[in-house]
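Below is one structure, written out as C-alpha cells; the observations come after it.
Numbering (the numbering used here), first residue to last: 121 to 299.
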C-alpha cells in the first residue's frame, strides 16, 4: 500500500529535520531554554520567540500527522481520535523510548507497537483492552527504573561496544615485542 511508503517518508523526513535542528543554533537555544529559561534569557536568547518557534513547528508536524491519519482512515471518529487510549499510546512512545533524543521515540514506537500487536493477537478476543493494562504496567516500570527511556541504556551499550569491540586495540611498544 502506498500509505506505508508515505508514512515511512514522513518519519524519515521528521527524523532528519530533528537531527539537523538539534545540531544548529536553534537546537542549542531550545536545549538551553529547556534546561533553564532564566539562564538562557540572561545569555541573550529570546525565550518567548524560540518557544513560539518550537510551538509552531510542533503544530505543523502535528497537522501533517493528523492529515495523514485522516486520509488513511478516510474518516475521523472523535471517540477514537480524542480518546484516552490513543493519547496514552502516543505519550508512552516518548516515555518508553526517551523524549530527549531523536531516535528515542522511534525505539519506543517499535517496542510498543510490537508489544501491542503481540498482546492483541494472543489475548485480543478473550481479554479486550488488556494491552492498555499492560501499557500501564510498562509506564510504571519505566518511570521507576528507566526514567530517561530505552534510548539511554541502548546508547550506553553502543558506546561501550564501540570502545571495546569496534575500535582496534592500541598496543604499546612493549606489548608488540619492541624495546
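For every residue, glycine included, the Cβ atom is placed at its ideal position computed from N, Cα and C. This one's a predicted model, so the numbers in the text were calculated from it and none came from an experiment.
**OP:** Taking the CB atoms as reference points, tell me whether residue 231 and residue 216 lie closer together than 8 Å.
**Re:** yes
**OP:** Rounded to whole angstroms, what's the CA-CA distance from residue 180 to residue 252? Just pull it up for me.
**Re:** 29 Å
**OP:** Could you tell me whether the segment 269 to 286 touches the segment 240 to 249, using the rule of 3 or more Cβ pairs below 8 Å?
**Re:** no
Original post:
Between 263, 281, 161, which lies nearest to residue 211 when the distance is taken from Cα to Cα?
Top reply: 263
**OP:** Starting from residue 311, follow the alpha helix (DSSP H) in both directions and report where the run begins and ends.
**Re:** Any answer about residue 311 is impossible in this case: the structure gives the chain only from 121 up to 299.
Original post:
Expressed to the nearest angstrom, what Euclidean distance is found between the alpha-carbon atoms of residue 187 and residue 261?
Top reply: 33 Å
Original post:
Between the beta-carbon of residue 192 and the beta-carbon of residue 139, is there less than 8 Å?
Top reply: no
Original post:
So residue 195 is in the alpha helix (DSSP H); what residue range does that whole segment cover?
Top reply: Careful: residue 195 lies outside any alpha helix (DSSP H) and carries neither H nor E.
Subject >> Limits of the unbroken alpha helix (DSSP H) element including residue 145 >> reply: 145 to 155
**OP:** Could you tell me if the beta carbon of residue 121 falls within a distance shorter than 7 Å of some heavy atom in the ligand NAD?
**Re:** Of ligands this structure carries none, so the ligand NAD is not represented either.
**OP:** Could you tell me how far apart the beta carbons of residue 146 and residue 173 are, in whole angstroms, since I believe they sit closer than 8 Å?
**Re:** 7 Å
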